[in-house]
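Which chain is which? The protein sequence lines are A and B, in order.
In terms of the numbering used here, the first sequence is residues 1 to 276.
In terms of the numbering used here, the second sequence is residues 277 to 552.
Virtual Cβ for every residue (Gly too), placed ideally from N, Cα, C.
Protein chains: 2
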Amino acid sequence: MPKQHSTEQYQQLRTVSAVALRSCVRTAGYQGHTAGLACGCLQANIIILPESHALDFMRFCQRNPKPCPLVGVSETGDPILHTLGEDIDIRTDVPVYNVYRQGSLSESVTDIKKLWQQDHVAFAMGCSFTFEDALTKAGISVWHIEHNKTVPMYRSSIMTRSAGPFGGEMVVTMRAIDKNRVDEAIAISKQYPLAHGGPVHIGDSAAIGLHDLSSPEWGDSPPPVGDKVPVFWACGVTPQNALMRAKLPLFLSHKPGHMLVTDIDDQAEVPMYSAP
Amino acid sequence: MPKQHSTEQYQQLRTVSAVALRSCVRTAGYQGHTAGLACGCLQANIIILPESHALDFMRFCQRNPKPCPLVGVSETGDPILHTLGEDIDIRTDVPVYNVYRQGSLSESVTDIKKLWQQDHVAFAMGCSFTFEDALTKAGISVWHIEHNKTVPMYRSSIMTRSAGPFGGEMVVTMRAIDKNRVDEAIAISKQYPLAHGGPVHIGDSAAIGLHDLSSPEWGDSPPPVGDKVPVFWACGVTPQNALMRAKLPLFLSHKPGHMLVTDIDDQAEVPMYSAP
Numbered sequence: 001m002p003k004q005h006s007t008e009q010y011q012q013l014r015t016v017s018a019v020a021l022r023s024c025v026r027t028a029g030y031q032g033h034t035a036g037l038a039c040g041c042l043q044a045n046i047i048i049l050p051e052s053h054a055l056d057f058m059r060f061c062q063r064n065p066k067p068c069p070l071v072g073v074s075e076t077g078d079p080i081l082h083t084l085g086e087d088i089d090i091r092t093d094v095p096v097y098n099v100y101r102q103g104s105l106s107e108s109v110t111d112i113k114k115l116w117q118q119d120h121v122a123f124a125m126g127c128s129f130t131f132e133d134a135l136t137k138a139g140i141s142v143w144h145i146e147h148n149k150t151v152p153m154y155r156s157s158i159m160t161r162s163a164g165p166f167g168g169e170m171v172v173t174m175r176a177i178d179k180n181r182v183d184e185a186i187a188i189s190k191q192y193p194l195a196h197g198g199p200v201h202i203g204d205s206a207a208i209g210l211h212d213l214s215s216p217e218w219g220d221s222p223p224p225v226g227d228k229v230p231v232f233w234a235c236g237v238t239p240q241n242a243l244m245r246a247k248l249p250l251f252l253s254h255k256p257g258h259m260l261v262t263d264i265d266d267q268a269e270v271p272m273y274s275a276p
Numbered sequence: 277m278p279k280q281h282s283t284e285q286y287q288q289l290r291t292v293s294a295v296a297l298r299s300c301v302r303t304a305g306y307q308g309h310t311a312g313l314a315c316g317c318l319q320a321n322i323i324i325l326p327e328s329h330a331l332d333f334m335r336f337c338q339r340n341p342k343p344c345p346l347v348g349v350s351e352t353g354d355p356i357l358h359t360l361g362e363d364i365d366i367r368t369d370v371p372v373y374n375v376y377r378q379g380s381l382s383e384s385v386t387d388i389k390k391l392w393q394q395d396h397v398a399f400a401m402g403c404s405f406t407f408e409d410a411l412t413k414a415g416i417s418v419w420h421i422e423h424n425k426t427v428p429m430y431r432s433s434i435m436t437r438s439a440g441p442f443g444g445e446m447v448v449t450m451r452a453i454d455k456n457r458v459d460e461a462i463a464i465s466k467q468y469p470l471a472h473g474g475p476v477h478i479g480d481s482a483a484i485g486l487h488d489l490s491s492p493e494w495g496d497s498p499p500p501v502g503d504k505v506p507v508f509w510a511c512g513v514t515p516q517n518a519l520m521r522a523k524l525p526l527f528l529s530h531k532p533g534h535m536l537v538t539d540i541d542d543q544a545e546v547p548m549y550s551a552p
């Protein structure tokens, strides 16, 4: 069972580099969420599955680049993500992992050294922290950030484009945006194609199958939208949903919010690390 | 041997849609280049290889998104590119194909119905026509377009990030740009990550191993740069170079300049076709 961290511990980590943060995760047992940590560094959603499903999964990502913006893929059986930073070992450097068996969440663990297999391939996908940071810097208020909550996530009626056994509904996040800032929020997020890009839907939530925004499937329940406009972005939980539907015997992911922190500049046009 | 077309035939084609153009290619024997045709539609570089190498090739594309911006990938053995347009059959809809055997160009053919195998996977990658169009619209003069020539291409000393057997030098294109328009050319091309994005090098060509710009490896020899600045972009011939080095027994590609014309809007954030 991952342990809880005090607010003080979290605040201390806010000033450390991505390398130092991963070291805390790997050897000092940090098991908390990574929102607001190693600012300016790209954080990534993680999926790990056997090579026999890797080509179909990459096709799924190519066809659904908004929910699944690939930023790194390991060699088969090699747990080091050479293109994303200095000595990133995907077996130990994520704060908490989810283990799925036969399509269901089985357990959460803090390393996967015993679960990593010689035929495993690790996939890293960009995450919304990048564009949320940009929204915040532009002075666009986002409720869940201001209240230290998790963004609400919903299974929408927007269907992904399938590839092999992978398909199903797109999971979306919702942020209620001031009416007069919506265009700006769209423009800012479009600048980050590796962090889900522009929204997938704006306004009327029923049009994408969502009838009660107060009950998200994951994350925290938001207050009523009121005068604001609900804006929906593709979510990195979509691939977990697709893999659960496919009922693979075993796949691994990060625990939502507990991301891999990379050494890639989150403004980089191309996510590619070279040793100094 | 592909046939030559008259300027008149080419001019007639400039007004037809992408669907009609592909029909001309498939059934009326058009075998010419596709520059300037079906304006506004995304055109694509094509690579076809066996599934046994497909995962490594996708990893190569993920690690080298500037030369290899994937815009579509077929299912294994299915020659229809469902996500790129209406009834695109990759065996017949490219004007001219190059056939490579043991890493060398073996022949050029106008359809690959007899060469297509049940284990083949087709990959489509964006091409520079998209950003060249945008440069032209902005009034930035590009020599090879104004003179109806092919852009000069060079094997640079910039190394790609390897994946499995695929690696080697990045092939680049060169466009000499007026000094006072360089920043604008960079900004415009950066808007098209699916069409090679921003330049990979600006100025001093010796710094990327090019000592004689008048002798490109492919394409037409440009005039001296003079007062202009040589600007280098990643080129879609890079994957052909990587595959030749890997000496695959058989792989297929489009003939440079003779691209697949898709139904995707070349301004689209995500290259995804849905039947109307």
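Taking the alpha helix (DSSP H) that residue i belongs to, which residues open and close that run?
i: Met244/A; result: 238–245
i: Ile462/B; result: 458–466
i: His530/B; result: Segment 526–530 is the beta strand (DSSP E) holding His530/B; no alpha helix (DSSP H) there.
i: Glu493/B; result: Per DSSP, Glu493/B belongs to no alpha helix (DSSP H) and is neither H nor E.
i: Ile310/A; result: This structure cannot speak to residue 310/A, because chain A is shown only from 1 to 276.
Tell me which residue opens and which closes the beta strand (DSSP E) that residue i is part of.
i: Ser108/A; result: 104–109
i: Leu411/B; result: Run containing Leu411/B: none in the beta strand (DSSP E); it sits in the alpha helix (DSSP H), 405–413.
i: Ser156/A; result: 153–159
Should residue i be flagged as near chain B, meaning a C-beta pair shorter than 7 Å?
i: Gln62/A; result: yes
i: Val270/A; result: yes
i: Thr83/A; result: yes
i: Gly197/A; result: yes
i: Leu194/A; result: no
i: Pro65/A; result: yes
i: Leu135/A; result: no
i: Leu250/A; result: no
i: Leu277/A; result: Within the shown structure, residues of chain A are numbered from 1 to 276, placing residue 277/A beyond reach of any answer.
i: Leu55/A; result: yes
DSSP beta-bridge partners for residue i?
i: Ile247/B; result: Beyond the ends of chain B as shown, which are 277 and 552, falls residue 247/B; an answer cannot be given.
i: Asp541/B; result: Cys317/B
i: Arg101/A; result: Ser104/A, Leu250/A
i: Gly126/A; result: Ala44/A
i: Asp369/B; result: According to DSSP, which records beta bridges pairwise, Asp369/B is partnered with nothing at all.
i: Leu260/A; result: Ala44/A
i: Ile171/A; result: The question names Ile, yet the displayed sequence has Val at residue 171/A. Bridge partners of Val171/A: Arg155/A.
i: Ala163/A; result: Phe166/A
i: Ala510/B; result: Val448/B
i: Ile478/B; result: Val507/B
i: Val121/A; result: Leu49/A
7 Å is my cut-off, CB to CB: does residue i come that close to chain A?
i: Met450/B; result: no
i: Met446/B; result: no
i: Met553/B; result: Residue 553/B lies beyond the stretch modelled for chain B, which goes from 277 to 552, so this question has no answer here.
i: Val295/B; result: no
i: Val349/B; result: yes
i: Ala398/B; result: no
i: Ala311/B; result: no
i: Leu536/B; result: no
How about residue i and residue j: are their beta carbons less than 7 Å apart?
i: Ala320/B; j: Ile366/B; result: no
i: Ser205/A; j: Pro230/A; result: yes
i: Asn241/A; j: Val171/A; result: yes
i: Val301/B; j: Asp369/B; result: yes
i: Met159/A; j: Glu217/A; result: no
i: Leu331/B; j: Leu55/A; result: yes
i: Ile264/A; j: Leu42/A; result: yes
i: Ala18/A; j: Val261/A; result: yes
i: Gly198/A; j: Ile186/A; result: yes
i: Gln378/B; j: Lys523/B; result: yes
i: Phe166/A; j: Phe60/A; result: yes
i: Ala124/A; j: Ile46/A; result: yes
i: Asn340/B; j: Arg431/B; result: no
i: Leu486/B; j: Val347/B; result: no
i: Trp95/A; j: Gln11/A; result: Trp is not the amino acid found at residue 95/A; the sequence shown has Pro there. Result no, Cβ atoms of Pro95/A and Gln11/A do not sit closer than 7 Å.
i: Phe508/B; j: Tyr376/B; result: no
i: Tyr273/A; j: Leu21/A; result: no
i: Thr173/A; j: Cys127/A; result: no
i: Gly495/B; j: Thr412/B; result: no
> Residue ranges of each beta strand (DSSP E) run of no fewer than 3 residues wholly in the segment 13–87 of chain A, ordered along the chain?
Replying inline: The qualifying runs are 41–50, 70–73.
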